[in-house]
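Undergrad: Structure below; questions to follow.
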Amino acid sequence: MQIRNWYDLQILAAVRSGGSIAAAARLLGIDQTTVGRRLNALQEGTGVNLLVRTGDRRLVLTPAGEEVAERALAMEREAIAASALLGEQRLRVAGTVRLSAVPVLVNRILAPAAASLLSEHPDLTLELIPENRDLNLTRREADLALRMARPESGGSTVKIRKLGALRYDAYGTNGGATDTSAPWILFEDAMAHLPHARWLERRSRRNGQGAGGLRVCDAETALEAVAAGLGYSILPAMIADRDHRLAAIAMTGAEPLPEREVWLLSHARQPNAAAIGAVTVWLEGVFQS
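For what it's worth, the numbering used here labels the leading residue of the sequence shown as 167, then goes sequentially.
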C-alpha cells in the first residue's frame with residue numbers, strides 16, 4: 167500500500183515528537199481538527215491502526231504507529247540534510263545565520279562545536295548570540311533560536327522542533343569535599359520557576375541551609391561559582407563533564423535530578439534556506455551525539 171500524501175507522515179511524526187494531537191497542531195501551526203482528519207485519512211488509506219484511544223480518552227500511537235512515526239522522523243531529518251546539501255536555491259551553503267541561545271549553551275556547547283560546521287561550509291557565517299531574553303524570530307532578531315523548554319505555540323510563522331534533552335547532575339570542585347550537606351548555590355527569585363532552581367531550593371531546605379549564601383541568575387555563573395569552591399550545584403552534564411575543574415558527586419537518596427528539553431525555533435519562510443538547513447543539521451548532531 168503506497169502513501170499518497172507524504173504530509174500525513176509529517177503529521178504523524180509531529181504527534182510522536184510533541185506527544186499529543188494538540189502538541190502536533192502547535193508544532194505544525196495548524197488546527198487540531200486538521201491533524202485528526204489527516205491522521206484518519208492515513209489510517210483509512212493504509213488500513214493500519216496507527217492510533218488508539220486510552221481509557222482516559224487520550225489518543226496515543228500504537229506500536230505500528232510508533233514505528234512508522236520514527237521512520238517518518240528519520241525521513242524528515244534526511245530531507246533536511248538533503249536540502250542543506252543541495253542548497254535548495256543555490257548549490258553552495260552561504261550567507262549569515264544568526265543563532266540565539268542562553269549564554270551557557272553558546273559558550274560551553276555551540277562555540278566549541280562550531281569548527282566542524284564552518285570547515286564544512288567555508289562560505290557560511292554563523293553569528294552566535296548569547297542572550298537570556300527570548301529574541302523575536304518574527305521581527306528577524308534571529309534566524310534560529312534555542313529554547314530550554316517546549317514553546318507554548320509556534321504559530322503559522324514559526325516552526326519548532328525538539329533537538330534533545332540536557333540531563334542534570336550534581337557537581338562540586340574536582341578533588342574537593344563530597345559532603346553534600348555543604349551549601350548549595352541557589353538561583354535568584356526571577357529564575358525560581360525553572361525545574362533545576364526548584365530542585366535546589368528543595369534540597370537546600372532539607373539540608374537546613376539558611377537564607378544566606380550565593381544566588382545566581384544563570385547556569386554559567388553557577389558553574390563558575392562551583393569551580394571557585396563556593397558550594398554545590400546541579401548543572402547540565404553535557405557541559406559540566408567537560409570542565410576539568412568540576413567533579414560529579416553522588417546523590418544517594420535524593421529525588422530524581424531534572425532534565426530540560428532543548429527546542430529549536432525557526433522562521434517558516436527563510437530567504438537563506440540552504441544555510442538554515444545546514445545549521446539545523448549541525449545542531450541536531452550536537453545535541454544528539
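Built from N, CA and C at the ideal position, the CB exists for glycine as well. Since the structure is predicted, the reported quantities are computational estimates derived from the model, not experimental observations.
Along the chain, where does the alpha helix (DSSP H) that runs through residue 451 open and close?
TA: Numbered from its first residue, the sequence shown carries residue 451 at position 285. Note, residue 451: alpha helix (DSSP H), 439-454.
Undergrad: Give the secondary structure of residue 174 by DSSP, where H, G and I count as helix, E and B as strand, and everything else as coil.
TA: In the sequence shown, the residue the question calls residue 174 occupies position 8. Here residue 174 sits in helix by DSSP.
Undergrad: Per DSSP, what are the beta-bridge partners of residue 410 in this structure?
TA: In the sequence shown, the residue the question calls residue 410 occupies position 244. Answer is none; residue 410 lacks a bridge partner.
Undergrad: Grab me the residues of residue 167's own chain with a C-beta within less than 7 Å of its C-beta, minus the 5 sequence neighbours each way, in chain order.
TA: Position 1 of the sequence shown, counted from the start, is the residue given in the question as residue 167. With a pLDDT of 47 at residue 167, under the threshold of 50, the modelled position of this residue cannot be trusted; read the value that follows with caution. Result list for residue 167: 212, 213, in chain order.
Undergrad: Classify residue 360 as helix, strand or coil using the three-state DSSP reduction.
TA: Sequence index remark: in the sequence shown, residue 360 carries index 194 (1-based). Here residue 360 sits in coil by DSSP.
Undergrad: Hey, residue 328 and residue 429: beta-carbon distance below 9 Å or not?
TA: Counted from its first residue, the sequence shown places residue 328 at position 162. Counted from its first residue, the sequence shown places residue 429 at position 263. For residue 328 and residue 429, yes; Cβs fall inside 9 Å.
Undergrad: Less than 9 Å separating the beta-carbons of residue 335 and residue 357?
TA: Walking along the sequence shown from the start, residue 335 turns up at place 169. Walking along the sequence shown from the start, residue 357 turns up at place 191. The answer is no: Cβ separation not under 9 Å.
Undergrad: Can you name, in chain order, every residue of its own chain whose Cβ lies under 6 Å from the Cβ of residue 184, other than the five neighbours on each side?
TA: Indexing the sequence shown from 1 puts residue 184 at position 18. Excluding residues within five positions, the ones whose Cβ falls inside 6 Å are 190, 193.
Undergrad: Would DSSP call residue 231 helix, strand or coil?
TA: Counted from its first residue, the sequence shown places residue 231 at position 65. DSSP places residue 231 in helix when its eight states are reduced to three.
Undergrad: Return helix, strand or coil for residue 335, following the three-state DSSP convention.
TA: Against the sequence shown, residue 335 aligns to sequence position 169. Strand, per DSSP.
Undergrad: Candidates 241, 235, 292, 275: which alpha carbon is nearest residue 263's?
TA: If you number the sequence shown from 1, residue 263 lands on position 97. Per the Cα distances, 292.
Undergrad: Please return the same chain residues whose Cβ sits closer than 7 Å to the Cβ of residue 370, not counting the five positions on each side in sequence.
TA: If you number the sequence shown from 1, residue 370 lands on position 204. The answer, listed in chain order, is 350, 352.
Undergrad: Taking residue 433 as the reference, which of 265, 177, 204 has the closest Cα?
TA: Counted from its first residue, the sequence shown places residue 433 at position 267. Nearest C-alpha to residue 433: 265.
Undergrad: What span of residues does the alpha helix (DSSP H) with residue 390 cover, start to end?
TA: Indexing the sequence shown from 1 puts residue 390 at position 224. That run of the alpha helix (DSSP H) goes 385-393.
Undergrad: At a cut of 8 Å, does the region 384-404 reach the region 358-369 through at least three beta carbon pairs?
TA: The way I'd put it, the region 384-404 does touch the region 358-369; three or more beta-carbon pairs between them come closer than 8 Å.
Undergrad: Give the straight-line distance between the Cα atoms of residue 176 and residue 372, rounded to the nearest whole angstrom.
TA: Within the sequence shown, numbered from 1, the residue matching residue 176 stands at position 10. Within the sequence shown, numbered from 1, the residue matching residue 372 stands at position 206. Cα to Cα, the separation comes out at about 47 Å.
Undergrad: The alpha helix (DSSP H) spanning residue 397 covers which residue range?
TA: Numbered from 1 along the sequence shown, position 231 holds the residue referred to as residue 397. No alpha helix (DSSP H) contains residue 397, which DSSP labels as neither H nor E.
Undergrad: Cβ atoms of residue 270 and residue 138: under 9 Å apart, would you say?
TA: There is no way to answer for residue 138, as the model of the chain reaches only from 167 to 455.
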